[in-house]
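Residue numbers (the numbering used here), protein chains in the order written: chain A, 1 to 140; chain B, 1 to 110. Data block below; observations after.
The structure is reproduced here in structure tokens:
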């Protein structure tokens with residue numbers, strides 16, 4: 001495959017019931033393309049966590065997925081509040097999710113840790129009051 | 001072993017999906033990010049969470065079945081999503097602890 005496949009999703013930040021929908025669509029697409037199940041698993045987990053983060057903290061955003069020959073790149077962008085302390089956000093168990101959101105099963109403080117664990121590259125560009133862009137790469 | 005074979009032992013009823021699927025391994029937990037990284041394909045996932053987000057996690061992780069403990073009922077939108085995505089859901093009156101006790105096999109045994 002030499003052509004780069006690109007997918008774009010708008011993540012609705014107002015609707016928790018559809019949270020994860022973009023990740024499910026990417027997963028189904030990768031399945032159709034017969035990617036290795038472990039690769040699909042890594043991309044699914046990492047993208048799901050990022051998608052959920054945008055819904056919980058940033059009122060949604062956009063997700064772009066690019067499938068290259070050597071890697072899958074996931075770029076999640078939002079205009080949310082930004083992350084004050086990225087290092088802290090990376091710690092397992094640390095969460096600023098509201099109680100109402102924890103009651104849905106979110107807020108385990110495993111979002112960024114999972115994104116880091118299941119990708120080969122994770123970059124977080126954030127500015128307070130401006131937004132956050134998370135770039136993740138999974139090698140093929 | 002198939003999902004339907006454990007239904008009787010944990011007093012479970014099939015809410016939706018395919019019970020003739022084989023399973024191996026069990027995960028129990030309610031925090032979605034934990035489940036996301038620990039539920040493996042073909043596992044049984046025991047939880048008391050019954051919202052549509054549980055179905056989304058199951059759609060991504062592909063357990064053989066979700067088992068809702070303590071007779072928790074699947075919320076309406078979650079049921080629709082489970083049917084749409086081919087997620088199998090069971091419901092048992094037993095607690096997660098009791099279900100684990102019945103299903104438990106020492107590591108390595110099948």
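Note that the Cβ used here is the ideal one computed from N, Cα and C, for glycine as well.
Whose C-beta lies closer than 6 Å to the C-beta of residue 53/A among residues of the same chain, with five residues either side of it excluded?
-> 111
Under 9 Å between C-beta atoms of residue 148/A and residue 138/A | There is no way to answer for residue 148/A, as the model of chain A reaches only from 1 to 140.
Under 9 Å between C-beta atoms of residue 53/B and residue 105/A | yes
Verify the CB distance criterion: does residue 43/B have a CB-CB separation below 9 Å to chain A?
-> no
Residue 114/A: contacting residues in chain B (beta-carbon distance under 7 Å) = 33, 36 and 37
Nearest-angstrom Cα distance between residue 72/A and residue 6/A?
-> Going from the Cα of residue 72/A to the Cα of residue 6/A covers about 10 Å.
In chain B, what lies closer than 7 Å to residue 216/A by C-beta?
-> The question about residue 216/A has no answer, for chain A in this structure spans 1 to 140.
Min CB distance residue 118/A to chain B below 9 Å = True, the Cβ-Cβ gap to chain B drops below 9 Å.
Neighbourhood of residue 86/A by C-beta distance below 7 Å, restricted to the same chain and skipping five residues each side = 124 and 126
Chain-ordered neighbours of residue 27/A on chain B, where CB pairs are closer than 8 Å | Below the 8 Å Cβ cutoff, chain B contributes 59 and 60 as neighbours of residue 27/A, in chain order.
Just the Cα atoms here: how many angstroms apart are residue 74/B and residue 96/B?
-> 16 Å
Does DSSP classify residue 99/A as helix, strand or coil?
-> Reduced to three states, the DSSP call for residue 99/A is helix.
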